Each structure stands twice: as C-alpha cells, then as structure tokens.
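See structure below.
Number of protein chains: 2
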Amino acid sequence: MTISKPAVSNAMPSDIAPIENVPLRVQVADRLRNAILSGRLRPGASLVETALAEQMNVSRAPIREAIQILENDGLVETIAYKGKRVKPLTAREVAETYSLREVFEVMAARRILENGASLDLLRTHCDEMTAAAEADNFEALVAADEAFHHALIRLADHDLLLASWKNLYLRIHQIMALRNRDERNLSEVAGNHPPIVQALADGDAKRAIKLISDHTRILAAFDPATIVQTP
Amino acid sequence: MTISKPAVSNAMPSDIAPIENVPLRVQVADRLRNAILSGRLRPGASLVETALAEQMNVSRAPIREAIQILENDGLVETIAYKGKRVKPLTAREVAETYSLREVFEVMAARRILENGASLDLLRTHCDEMTAAAEADNFEALVAADEAFHHALIRLADHDLLLASWKNLYLRIHQIMALRNRDERNLSEVAGNHPPIVQALADGDAKRAIKLISDHTRILAAFDPATIVQTP
DNA sequence: CAATTGTGTAATGTCGACAATCCATAGGTG
DNA sequence: CACCTATGGATTGTCGACATTACACAATTG
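What follows is the structure, encoded as structure tokens:
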C-alpha cells in the first residue's frame, strides 16, 4: 500500500488548496480498492479491463496499472490471458491473516516496552471506543478500534512493521465487510483494550502479550463460516 | 512477490521442456531484480523506461509493468513525472529487515513445535552447510543457509508467512550482495544451525527461540557500515 | 543584482490499435 | 461413441505515438 499525504508544511490559509495531481491509476486503484474492501466487489468477482476502462472513461493502461497495484496489495490475482479477479478468500487465509496480525501486534508491544513510548495515544483511543460503545455507534467503534491498533503499531517505531501491518489490515477490512456483523460483542471488544494498555504501563510483557493474543483470536473466531466466494 | 513455478505435474521426460510462455514484463522484472539483488544496480540508481526499453528491445509498456512489480517487491520507488530508482537502503531499513525476519522465524519455530512437523529437511540442510563450510565453498554455504531458513518457514505451514518471508528475503539478498563478504565467520554461522534443530527436536521452545534470535542478530550485525547509496 | 517569468528538455502518464493466447464449442473421423 | 481438430470469441499482452508534468536554466524586468 502507498498512502502518501501531500504534506503541506507551510501552514498557509488553506483557501487556495494545493492542486492535487493524482495519476489516473491511483484514482482507479482507490476506487477499486474501496469497492473490494467494502464488499461491493466480492471475492471471485472478475475484473475485465475493457469493461472497467469504458465504465470509468479512461484507457486500459491506467486500469491495468491500478489492477497491478491491487495485486500488490494482495486483493486481486491475475491468470495470464484469461482474466483478473478479486482474490478468493479461503477460511485458511482468514485464519492466517489474523495469526500474522497477532504476531505483528505482539512484536509491537515488545518494542513499545523496550523503547518506552508514551501510551497516551492508546488511552485516547480507548476512551473513544468506550464512548462509541455506550452510544451504540458501530461505525465509530470500528474506527476507534482500528485507530487503537494503528497507534499500537506506530508506537513500535518500525516502518517496515507498519507497512506490513497496513497491508495485512487491508484484508482485515475486507473480511469485516464480508462478515455478518455480530454487534452483540461490541462493548465486550471495547473492554478488551484498556487492560492491554494497563499491562503495557505496568511493563508486564507477558500479560500484555497474552491479552493481545486473546483479543486477536476472539476477532478471528467471530463467524468464519460467513466468508464465501462467488466464482 | 510472485514467484510461480511452471508446476509440471506429470513427471514426463523433461527432454522436451514444457513451452514457457512468460510475459515480457516478467522476464524484464526478473532480469532487473537479478541486477538489483546481485548489487549490479545499486540503491539510488535511476531506472529510465525509455533507456531500458531500448536496451532490452521491447516497448515501454512491459518495462513499466516490470518496474511496478519491483515496486511491489519494495526494491524500486517511483517519483511521479520525475523518475524511478532503486530504493535507497538506509541503515535503519537494514535493521528493520532483520528484526522482522527474526520475528517471522520465531513464529515459524513456534508453529513447528505446535504442529509437530518433521525436522528431517532441516537436518539435511544442516549437513549441506557443514559440508560446504568444510569445502570452503562460500556460494554453496549461502545457498544451503537460505535453504535451511526457507525450509524452516515452509514447515510452519503458513502461506501468508511464507509469502511475507520471501518478500523480506529479497531485501536480505540485496543487503548481502552489497556487503563486503566477511568469510571468516562462515563455519561459525554454519555451526549455529544444528543447535536450533536440536532445540526443536527437544520441544524446547524457549531455547529454540533464543537460538534463532541470536543467529539473526549476528547476521544483522555483520558490517552494517558498508551499506551505501549512490545518489 | 535579485526576483520573476519564460522556455526547453527529459522523463513519466495516457491513449488507441493490433497481436497473442486461452477456452469452449462445434465438427469431423476412426 | 470416443477422440482429435479447427474455428471463433473473449481477454490479456504489446506496441508506437502523443499528452502532461517537473525541473533546470536562460531571459526579462524592476
């Protein structure tokens, strides 16, 4: 994944916004990625270059490059001379995705304990989550949850880990979109996070790791059966 | 990364080799990747599409797509409308690469202990390494070393881990090519591996993990100063 | 002289057309 | 009927030409 902000350093009045010159392939890739991550394009759906080119009113070149970007993200696969399609999601891949995420976040926790990063960000996101849970706001809770985990990874101060985690999290987005939402456990999930922060604050590596592992496994086990393919 | 073998299922006499219909972009990508991983194209070297197209006698399209493949591999970076170049390698990136590799291999060891995979492959590669070390054959030793670690990952039976590890190992190849070979420690490095296998055989997770971590860190610390950029 | 404006060049970005390939399916042949 | 062959359609692969952009550097202006 390659998210690069314009990085406006001089805080000028943003009335005259900096012209953004986004290449077509990026625009196309973003739109397609959105469609996949939101579940509008389901696993197995075929992506035909000519059709997409006509729909989006661009030539095939940017479409091809966009699809290749998504291939790098692991969301699309190509079969030469035959077609491209949204990568099918197997139950195994879902399990592997979550187990790798667990390893990443455990690694982050270890590094945070070593480099003594401030945990304020994590606490903030915990508060956001509990607020969202009380307000019964599903979207906000999901957003705060992601922000928490994102912060956890960023605090580890490891660019490669961050990039790998982001890439992995794309698939998690996709998985979540394909699941039947089980909103019952939301406040429970929200409650999982503060103890993690507390363990980190206590410098208790073992407890932090166990809490993170358990939390990830709960997420992975929600309802794997609902993941299907449309061939 | 996308290494896909032809996958010849029927073990026919390979006299008449199966026709390989490799797209140009893949051939180009392979050649460029070779050049980068062997150190012939150093970090910072710029890749000009038109020049490459002329040199290789193909049009720009496959060159562009090949470069994008290498971008996915994390070996090349693009600056829009300006140019593409071999991604510069910072000391930090090198360190991060090795620390992530450590995490991957520790994860693999844990899984191997859980699923009780056979360790015969690992023992075989250990033997190859000691043989190569005795014969003072540097190339063979490096190959056997990679085979050992590759096997370690494969035994973990985790496709996503395997793919991530392969991608990471690309950069390790590059790093090794850029280093001044310090051949003194070769037999020492070779000797690091059998104890790991032994620890796995004993089911001693703690010891296996410590040995793997130590081994990785030794490799990371060889001579980081020799990594330079050519802007 | 300093600052701004113009201009040229080198590189990537985009396009439309054509070629190569695979797959299914129809048709022949023993 | 079973098996091989060819033919057509759909899709990706490749190409050459043109458009767009950014940068450097000269030209202009005060």
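Residue numbers (the numbering used here), protein chains in the order written: chain A, 14 to 244; chain B, 14 to 244.
Heads up, the beta-carbon is just placed ideally off N, CA and C, and yes, glycines get one too.
Just so we're clear, the structure is a prediction, and the values are computed from it rather than from any experiment.
Item                                                                                                                      : Value
B:Ser99 vs B:Leu60 beta-carbon contact at 9 Å                                                                             : Checking the sequence shown, residue 99 of chain B turns out to be Val, not Ser. Closer than 9 Å, so yes.
Beta strand (DSSP E) segment containing A:Glu159, residue limits                                                          : Note, A:Glu159: premise wrong, no beta strand (DSSP E); alpha helix (DSSP H) at Phe151 to Leu168.
Check whether B:Ala93 and B:Leu45 have beta carbons under 9 Å apart                                                       : no
Alpha-carbon to alpha-carbon, A:Pro31 and A:Ala24                                                                         : Below a pLDDT of 50, predicted positions are generally treated as unreliable, and A:Ala24, at 45, falls in that range; no measurement from the model is reported.
B:His186 to A:Gln68 span [Cα, whole Å]                                                                                    : 42 Å
Beta-bridge partners of A:Thr91, as assigned by DSSP                                                                      : A:Lys97
B:Ala108 beta carbon less than 9 Å from that of B:Ala190                                                                  : no
Rounded C-alpha distance that separates A:Ala130 from A:Asp170                                                            : 9 Å
Boundaries of the alpha helix (DSSP H) in which B:Thr229 is found, first to last residue                                  : Ala218 to Ala233
Where the segment 149 to 160 of chain A meets chain B: residues whose CB sits under 7 Å from a CB there                   : none
Cutoff 9 Å: B:Pro36 Cβ touching any chain A Cβ                                                                            : yes
Nearest-angstrom beta carbon gap, A:Ala121 and A:Leu183 [assumed within contact, 8 Å]                                     : 18 Å between Cβ atoms; not a contact.
Residues of the segment 53 to 64 of chain B with Cβ closer than 8 Å to any Cβ of chain A, in chain order                  : none
Segment limits, alpha helix (DSSP H) that includes A:Arg73                                                                : Arg73 to Asn85
Three-way DSSP call (helix, strand, coil) for B:Ser59 in this model                                                       : strand
Euclidean distance between Cα positions of B:Val155 and A:Arg123                                                          : 31 Å
Residue of B:Ile188, B:Arg220 and B:His206 minimising C-alpha distance to B:Thr103                                        : B:Ile188
Among B:Ile166, B:Val89, B:Ile231 and B:Glu115, the one whose alpha carbon lies nearest that of B:Ala48                   : B:Val89
Residues that B:Ala93 contacts on chain A, provided the C-beta gap is smaller than 8 Å                                    : Asn34 and Pro36
Under 7 Å from the C-beta of B:Gln81: neighbouring residues of chain A                                                    : Glu78 and Gln81
Exposure of B:Gly87, with buried meaning 16 or more beta-carbon neighbours within 10 Å                                    : buried
Residues of its chain near A:Glu141, where Cβ-Cβ distance is below 6 Å and the 5 sequence neighbours each way are ignored : Ala157
Nearest-angstrom beta carbon gap, B:His138 and B:Ala153 [assumed within contact, 8 Å]                                     : About 11 Å; that fails the 8 Å criterion.
Neighbourhood of A:Thr229 by C-beta, 7 Å cutoff - its chain only, sequence neighbours within 5 removed                    : Tyr111, Arg114, Glu115 and Glu118
Where the segment 155 to 189 of chain B meets chain A: residues whose CB sits under 7 Å from a CB there                   : His171, Asp172, Leu173, Leu174 and Ser177
Straight-line Cα distance separating A:Asp215 from B:Asp217                                                               : 28 Å
Residue-chain proximity (A:Ala122, chain B), Cβ-Cβ < 9 Å                                                                  : no
Reference B:Gln211, options B:Asn128, B:Asp133 and B:Leu37, closest by Cα                                                 : B:Asp133
N-terminal and C-terminal residue of the alpha helix (DSSP H) that A:Pro36 is part of                                     : Per DSSP, A:Pro36 belongs to no alpha helix (DSSP H) and is neither H nor E.
CA-to-CA distance, B:Pro208 to B:Ala148, given in whole angstroms                                                         : 21 Å
Check whether A:Glu84 and B:Asp172 have beta carbons under 9 Å apart                                                      : no
9 Å Cβ cutoff, B:Thr110 in contact with chain A                                                                           : yes
Proximity test, Cβ basis, 9 Å: A:Glu106 and chain B                                                                       : yes
Residues within the segment 128 to 145 of chain B neighbouring chain A, beta-carbon criterion of under 7 Å                : none
B:Thr91 versus A:Leu54: straight-line alpha-carbon distance, rounded                                                      : 28 Å
7 Å Cβ shell around A:Ala66 - same chain, five flanking residues per side excluded                                        : Ser72, Arg73 and Ile76
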